[in-house]
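See structure below.
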Amino acid sequence: MSKAKALVIRTAGTNCDVETAHAFRLAGAFADVMHINSLIKNKSAMKKFNILAIPGGFSYGDDIASGKILANEMKHSLKNELSEFVSRGKLVIGICNGFQVLVKMGLLPLFTKDELFAPKVTLTLNDAGHYIDRWIYLKKDPVKNLCVWTKQLPEIIYLPIAHAEGKFVPQSSEVLKKLRANGQIVFRYSDEAGNEGAYPVNPNGSVDNIAGICDSTGRILGMMPHPERHIFFTQHPRWQRCVKKGKETGIGLQIFRNAVQFVNKA
Amino acid sequence: MLTFRIEIGNKKNFPDPRSGNLLKDIKDIGINGVKHVDIVDVFTLTGDVTAKKAKDVARTLLADSVSQECRVYPCALRDKRFAQKNTVEIASNPGVMDPVRDSVIKAMNDMGIVGVSVTTSKKYIFAGRFNAGTSRNVADKLLYNKLIQHIVTHSETAENAAQYDFSYTEVPVITLDDPGLSKLSYDARLYLSLAEMKVIRKHYKTIGRNPSDCELETIAQTWSEHCKHKTMLGDILFDGKLVRKLLKNTVMKATIELKKPWCISVFKDNAGIIEFDDKHNVCFKVETHNHPSALEPYGGAGTGIGGVIRDTLGTGLGAKPIANTDVFCFGFPDAPNAKIPKGALHPKRVMKGVVSGVRDYGNKMGIPTVNGAVYFDERYTGNPLVYCGNIGIMPKACSFKKVSSGDLIVAVGGRTGRDGIHGATFSSSELTHESETISATAVQIGDPITEKKVLDTLLKARDLGLYDAVTDCGAGGFSSAVGEMGEETGAEVYLEKAPLKYEGLKPWEIWVSEAQERMVLAVKPKKLKKLLSIFESENVEAVVIGKFTRDKKLKLFYKKHKVADLDMEFLHGGLPGVVRKAIWKNRHEDPRIATPVRTNYNTDLARILASWNISSKEWIIRQYDHEVQAGSVLKPLVGAENDGPSDAAVIRPVLTSNKGIVISNGINPRYGDIDPYWMAASVIEEAIRQIIAVGGDPDKIAILDNFCWGSTENPVELGKLVRASQACYDFGKAFGTPFISGKDSLNNEFNTGKGVVAIPSTLLISAIAVIDDVRKTISMDVKEPGNLIYVLGKTFQELGGSQYNLVNGLSGGVVPRVNAKVSAQLMRKLSVAIRKGLVVSCHDISDGGFAVSAAEMFFAGGYGADIDLGKLPRDRSVKRDDVVLFSESNGRFIAEVPAGKKEEFEKALRGVHLGFVGKVRKDKKMLVKGLGGKTVVNADIDKLKYSWQNTIRKVMHE
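Chains as they are written, first to last, in this note's numbering: chain A, 1 to 266; chain B, 267 to 1224.
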């Protein structure tokens, strides 16, 4: 019996909750989807879980800025519970809108524990100025392999992005240096061979081609691409061309499996 | 009370892509001096707020600390900041939906700040060398639409609208003479005919009183063309022969006669329902939102998609929306400004607005937009078409609804405002250069997040069995929703109970407002408490506004005053039937070809690929989320570089099952210019063909009809409609493909003030098919060098309405026919071959003909091919290379077969017209040998692809 219990949070405008929970279940976790109102009413419910997921979507319409209002709400209403969740070494993932929530809340990059709720990076409007849905290659940061969510993953993976505000920008060059030095840059946009490049290889103009980062412990991951959209081989845009018979899962599922394995080993 | 103004802009050296895009648009309208634009988001906070709090809100909530900076000012009424040179500030008009405002209030509440009202606006600061009127000129042309927005000239704060003092208003009708009735219908924007007004006069004479304003408005909404489909459901004298109930005796008759057991509910509910698997049914509906999109493309298209999603939510006991499909018809986006008639927006602005409206609403609803099409013709300039479709899935037991007397009427979702008043009647009239002034309230901005919340909670309540019936508030608002639900029972409504966006609405305005994002439920009193708690738990407003009775009367009250008392029977059955006249004259189709014979058709092929109708729509497709809900199997763009045009979309709506749904569409208005009968036949076949091409089963296809026509008051236009409807019967029946739902929009004309431009008669056929195993579907891109290329189906000399004629500036020619018997047999065999795994790619041949379909297959797959035109099955009359290359004969496919499967494939296709026409090459050359043995096309597929991709990209600067 798996010990992994994932809480998928949803609110007005969340729209990837069902498939994110499905991905956790396929990976062997118990997964529950809970509305933010219920969670705020019953804050201690968070204690039952060891994985927290903020899925993709348009929380509160992405009014003001993507993820901003949910970040504001969680920061004000669940501050202690979030601090405790993180300090106990539990796992957090924010995908797309969830990543936006995590950076705007200041749960990432979290260089040290004291920096909780202090935003240091942002995700802003794509260089194209609008929403883009396309598949991209991601290159794992080769140096430290710090992130528990990506431990068992090939160097290059293929996932879709679907966002308007995914351009990663650090507050300063110091912040970027620190992210690099700590090995917190989990994914960079690249081509199939691992070469970095301009649009469309880097689909949104992210600084240093950054597509995903983790905190300094490797337990909190935020990423713009959608791993839950590549858990079946039929989601691959060219499965009729290049997916080998018998390979029934997509590479994105491994990210959820890594988390489940980590929890079960702990 | 204090007011603070907060201005938020990007930090210096932090580029704003919005600004760069705007500069390109400014250049496009011929203004060259503007070098830079700063875009500033402005908020005002009014109420219980201090400077410290305002700064806190600005810094931690409204501004992004990494990328933006903010300024906070106490606000004076006549602020000098509004008079700044080269600055324009745009805000929404009072009463127009502003979701951001509500979100800011919610977020401030989370911070512990309450009792503060908010306004939002956007400020544009222009820099460069230009004359004084430039910024205003840019604003007028690009930045705002006066129907919903205005230029801010002084400090604005959230205002409270005036209260409404009730008075009963009677409309004198019984004493009016005929001209008086016509005048009343026009002045009050009832858009009722004199015959209809006379029936109303007679009815009220009988009961001995005049109607109230509420009653008259209710009748006008209910009897509008938009709601009652008077033409399609009526009798028509067609060339002297009486056609009774056009729709019932054509489109619907095919369905009835076909008796498919998997058709669960057709032409009854908000959408047609077919069986999916043992546990689920799926429903499909396509709507149009043309007139609102003409006036305000963003809002019109957004509320169009919002409306059709509510159709899904309101089908049976509610279905979960799982896919969107959108088809648009526009004028040419590169048309010179001088050619745009007064009162019409430029097609490029229309296209950008429509695409972003559908994008924002569809994406925010979390529904993948999986399929679509765009068609361009000059005649759509003043009256674009916006078709929005939605597919839903529901548990089988939730497929039907039943209202009972005693059920409470519960309104759920958005609040009611003055927006959208007279949408139903407005859409039933022609557009004119003055529409923007007289129909402003018919235009709205949607709020997808409110609708998403309704979706989430409604389906929860459905699964708990908390209501008996549901329908959406669409055209006609409560009037239609309650009127239809209570047709068999009767209903009482207390209008003051409806939650309002602001005070001051008259009872009739509440009743007919088409404010968005509202649903109406019928609820047993004992289930009310539980139901309301479900909605409340996710901040969705739900209020009892009345009850269903048993007296078959519609009674409306406002604060205990009775404002309407109508017999349901008169309301729904009183509409007088009219017999309309329709004529059709066969046009002579001249088979001669006016283009000269050429030795080489490279240029023609490249020009067709680059033409507006054929060219890649990737710029649009990539702005839509086509993968949310994780069921995507065959995406709109396929091939080696994910950019080839897929024939149909395939989705897998149940994550634990490999059963799927295939979705396609057929549209070709240019054929209708020659003969609407063959247009209808062709687009029905096209929609079916595309389903077959990806591996669908011909026995499991259902289709939807969607007619957009000019004024059917004109017997010639109506004649075309009859002709197209007759083809729907003939070919729906012949292909064994039932219609399950449909829609018509019949006054698509634009009056320029100098003359009327009718749109081309446009029939959209949308198809849906259930497929047993999505893993057996195939895509259209060629897969491997050495594979064999086959053409299935015979080519005839049918260049009428073709893209080849279009790029050569020719009209005339013979329009493609459909031989359903031959075609159906071919498709059945091909479908089996695909499911057996004998075919690795397949593309249907349609617009542009064989050469275009083949080029698309090759450049999508990244390999060229050798082709011999002489091997294509063809009619004896076909003797020219250009006919074989570009004729658009129906019933044809191109299939790629691995060499090792040759025999098995040919055996499976025995008895159909089949030609082994060539092989896939290793390199990028497309080499086509003509009928005379000489090479007639010799092209590089990457170059062809570039031509195909560059058209929209160039105009949109991407």
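All C-beta atoms in this analysis are idealised placements derived from N, C-alpha and C, irrespective of residue type, glycine included.
Could you give the first and the last residue of the continuous beta strand (DSSP E) run that contains residue i?
i       : result
B/D543  : It is not in any beta strand (DSSP E) - B/D543 carries neither H nor E in the DSSP assignment.
B/K799  : Note that residue 799 of chain B is Ser in the sequence shown, not Lys. Looking at the DSSP string, B/S799 is not in any beta strand (DSSP E); the run it does join, the alpha helix (DSSP H), is 794-803.
B/E835  : No beta strand (DSSP E) holds B/E835; the alpha helix (DSSP H) holding it covers 834-839.
B/L724  : Careful: B/L724 lies outside any beta strand (DSSP E), inside the alpha helix (DSSP H) at 714-729.
A/Y137  : 132-140
B/E273  : 268-276
B/S1155 : From DSSP, B/S1155 is part of no beta strand (DSSP E); its letter is neither H nor E.
With a threshold of 8 angstroms between beta carbons, is residue i in contact with chain A?
i       : result
B/A808  : no
B/N246  : Here chain B has residues from 267 to 1224 only, and residue 246 of chain B is not among them.
B/L409  : no
B/I704  : With a pLDDT of 48 at B/I704, under the threshold of 50, the modelled position of this residue cannot be trusted; read the value that follows with caution. Cβ-Cβ to chain A under 8 angstroms: no for B/I704.
B/R1158 : no
B/Y890  : yes
B/G632  : yes
B/Q895  : yes
B/V904  : yes
B/R576  : no
The alpha helix (DSSP H) that contains residue i, what's its start and end?
i      : result
B/P340 : It is not in any alpha helix (DSSP H) - B/P340 instead sits in the beta strand (DSSP E) that spans 334-340.
B/S383 : Premise fails: B/S383 lies in the beta strand (DSSP E), 382-394, not in any alpha helix (DSSP H).
B/I957 : 942-959
A/N258 : 253-265
B/T569 : 563-579
B/F222 : Outside the shown range of chain B (267 to 1224) lies residue 222 of chain B, about which nothing can therefore be said.
State yes or no: is the beta carbon of residue i nearer than 8 angstroms to at least one beta carbon in chain B?
i      : result
A/A12  : yes
A/L146 : no
A/F168 : no
A/R88  : no
A/P160 : yes
A/C96  : no
A/E19  : yes
A/R219 : no
A/S206 : no
A/E192 : no
A/T122 : yes
A/N80  : no
A/Y267 : No answer is possible for residue 267 of chain A: the residues shown for chain A start at 1 and end at 266.
A/A128 : yes
Sort out for me which residues DSSP pairs residue i with in a bridge.
i       : result
B/R846  : B/I502
B/H1109 : B/I1160
B/S478  : B/E436
A/R10   : A/H35
B/E355  : B/K389
B/N637  : B/T591
A/L91   : A/I51
Could you name the residues of the same chain whose beta carbon sits closer than 7 angstroms to that of residue i, not counting the 5 residues immediately before and after it, in chain order?
i      : result
A/G197 : D191
B/D722 : E804
B/V709 : L413, I414, P558, L561, E562, G565, G566
B/K819 : G756, D831, L832, D833, M834
B/S877 : Q1069, L1072, V1073
Return the chain-ordered list of same chain residues with a C-beta closer than 6 angstroms to the C-beta of residue i, the five sequence neighbours on each side being excluded.
i      : result
A/Q100 : S66, G67, L123
B/M463 : L447, S451
A/K144 : G183
Here's a check: name, in chain order, each residue in its chain whose Cβ is nearer than 8 angstroms to the Cβ of residue i, leaving out the five neighbours to either side.
i      : result
B/G843 : G500, D501
*Can you list the beta strand (DSSP E) stretches of 3 or more residues lying completely in the segment 744-769 of chain B, in chain order?*
Here the runs fully enclosed are 757-760.
*Those runs of the beta strand (DSSP E) which lie wholly inside the segment 972-1039 of chain B and span at least 3 residues*: Considered as a whole, the segment 972-1039 of chain B harbours 1005-1011, 1015-1017, 1022-1024, 1028-1037 as its complete beta strand (DSSP E) runs of no fewer than 3 residues, in chain order.
Ignoring anything shorter than 4 residues, give me the alpha helix (DSSP H) runs that lie fully in the segment 48-87 of chain A, in order along the chain.
The qualifying runs are 68-77, 79-87.
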